[in-house]
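As they're listed, the protein sequences go chains H and U.
The first sequence maps to residues 105 to 219 in the working numbering.
The second sequence maps to residues 839 to 950 in the working numbering.
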Amino acid sequence: NAGVMQNPRHLVRRRGQEARLRCSPMKGHSHVYWYRQLPEEGLKFMVYLQKENIIDESGMPKERFSAEFPKEGPSILRIQQVVRGDSAAYFCASSQGTGAYNEQFFGPGTRLTVL
Amino acid sequence: QQQVKQSPQSLIVQKGGISIINCAYENTAFDYFPWYQQFPGKGPALLIAIRPDVSEKKEGRFTISFNKSAKQFSLHIMDSQPGDSATYFCAASESDNYQLIWGAGTKLIIKP
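See the structure below:
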């Protein structure tokens, strides 16, 4: 049973380009969460999605960032017109149910570097 | 009120010693306190978690101590081993809320 998969593992973009980060949840999990981790900091919640629905995007910047979890295929975190401050590790997690007691399983992350 | 403060930022412990990492919170509505372990290049993995109805939870060499009145909780790693070298994060949330509030992390190094 494969865990949460993320790709690419490393992504380099120049300022102004678009970054697309993909996340495939664990089998049987329909809840997906995206987090951002800056160096020497803890993870910061960005967005929570279920299939075809954004449930909570309160942690996501209003501009340039978007997320989706289509009926078929992985969840996508999209960052348009990247800036240097977007450089970070982006982690996806999935869970079987919702609420704190439903363990979130994390993927290995995508490390985005903006030149 | 939503912050979780974690200390120390880094910690070096001799093999066989006890590693202690502390966290403090403000939001009294928090009632779920997990600890995550993260190795370089990997995502965080749940290590152990506690709810405030108990003051201590032990799993193998790992123990969480919880002090509700002081709004503090800590992770103790007994007989620390080099394989325990990792970054440890505490977190907190309300039980019906999926949003985990994370501490800044502690980089633990166990010296052989």
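For every residue, glycine included, the Cβ atom is placed at its ideal position computed from N, Cα and C.
Fair warning: this is a prediction, and the values are worked out from it, not measured in the lab.
In chain H, what lies closer than 7 Å to residue i by C-beta?
| i | result |
| --- | --- |
| residue 937(U) | 149 |
| residue 884(U) | 207 |
Within a Cβ cutoff of 6 Å, which residues of the same chain sit near residue i, ignoring the five residues on either side of it in sequence?
| i | result |
| --- | --- |
| residue 125(H) | 181, 194, 214 |
| residue 886(U) | 873, 897, 900, 902 |
| residue 863(U) | 842, 909, 930 |
| residue 151(H) | 138, 161, 164, 171 |
| residue 128(H) | 109, 178 |
| residue 860(U) | 845, 912 |
| residue 114(H) | 215 |
| residue 169(H) | 183 |
Residue i by DSSP, collapsed to three states: which one?
| i | result |
| --- | --- |
| residue 90(H) | Summary: the structure shown does not reach residue 90(H), with chain H confined to residues 105 through 219, and so no result is reported for it. |
| residue 188(H) | helix |
| residue 872(U) | strand |
Just to confirm my understanding: we take residue i, look at its own chain, exclude 5 residues before and 5 after, and list those with CB closer than 8 Å. What are they?
| i | result |
| --- | --- |
| residue 892(U) | 904 |
| residue 117(H) | 123, 186, 216, 217, 218, 219 |
| residue 147(H) | 139, 140, 141, 195 |
| residue 883(U) | 874, 875, 876 |
Using a Cβ-Cβ distance under 8 Å, would residue i count as near chain A?
| i | result |
| --- | --- |
| residue 880(U) | Structure shown: chain A not included; protein chains present are H and U. |
Please return the same chain residues whose Cβ sits closer than 7 Å to the Cβ of residue i, not counting the five positions on each side in sequence.
| i | result |
| --- | --- |
| residue 906(U) | 890 |
| residue 142(H) | 192 |
| residue 112(H) | 214 |
| residue 85(H) | Nothing about residue 85(H) can be reported from this structure: the residues present for chain H run from 105 to 219 only. |
| residue 877(U) | 924 |
| residue 950(U) | 853, 920 |
| residue 155(H) | 134, 173, 175 |
Determine the chain H residues that contact residue i at a beta-carbon separation under 8 Å, and present them in chain order.
| i | result |
| --- | --- |
| residue 873(U) | Residues of chain H passing the Cβ test: none, with the nearest at roughly 12 Å. |
Quick one: which chain U residues come within Cβ less than 8 Å of residue i?
| i | result |
| --- | --- |
| residue 212(H) | 879, 880, 881 |
Query raised in the report: So does the region 846 to 864 of chain U actually touch the region 914 to 921 of chain U, counting three or more Cβ pairs closer than 8 Å?
Result: With a cut-off of 8 Å, the region 914 to 921 of chain U and the region 846 to 864 of chain U count as touching, because enough Cβ pairs lie within range.
Requested in this report: Report yes or no: do the region 890 to 904 of chain U and the region 932 to 949 of chain U share at least 3 C-beta pairs separated by less than 8 Å?
Outcome: A contact is defined here as three or more CB-CB pairs under 8 Å, and the region 890 to 904 of chain U fails this definition with respect to the region 932 to 949 of chain U.
Report task. Using a Cβ-Cβ cut-off of less than 8 Å, give me the residues of the region 906 to 933 of chain U that come near chain H, in sequence order. Result -> 927, 929, 931, 932, 933
Query raised in the report: What residues in the region 851 to 871 of chain U bring their beta carbon closer than 7 Å to a beta carbon of chain H?
Result: 870
Report task. Note down, in chain order, all residues in the region 134 to 162 of chain H with a beta-carbon under 9 Å from any beta-carbon belonging to chain U. Result -> 135, 137, 139, 141, 144, 145, 146, 147, 148, 149, 152, 159, 160, 162
Query raised in the report: Which of the residues in the region 891 to 902 of chain U, read from start to end, lie with their CB under 8 Å from any CB of chain H?
Result: none
**Report entry** Proximal residues, the region 185 to 205 of chain H versus chain U, C-beta separation under 7 Å
**Finding:** 195, 202, 203, 204, 205
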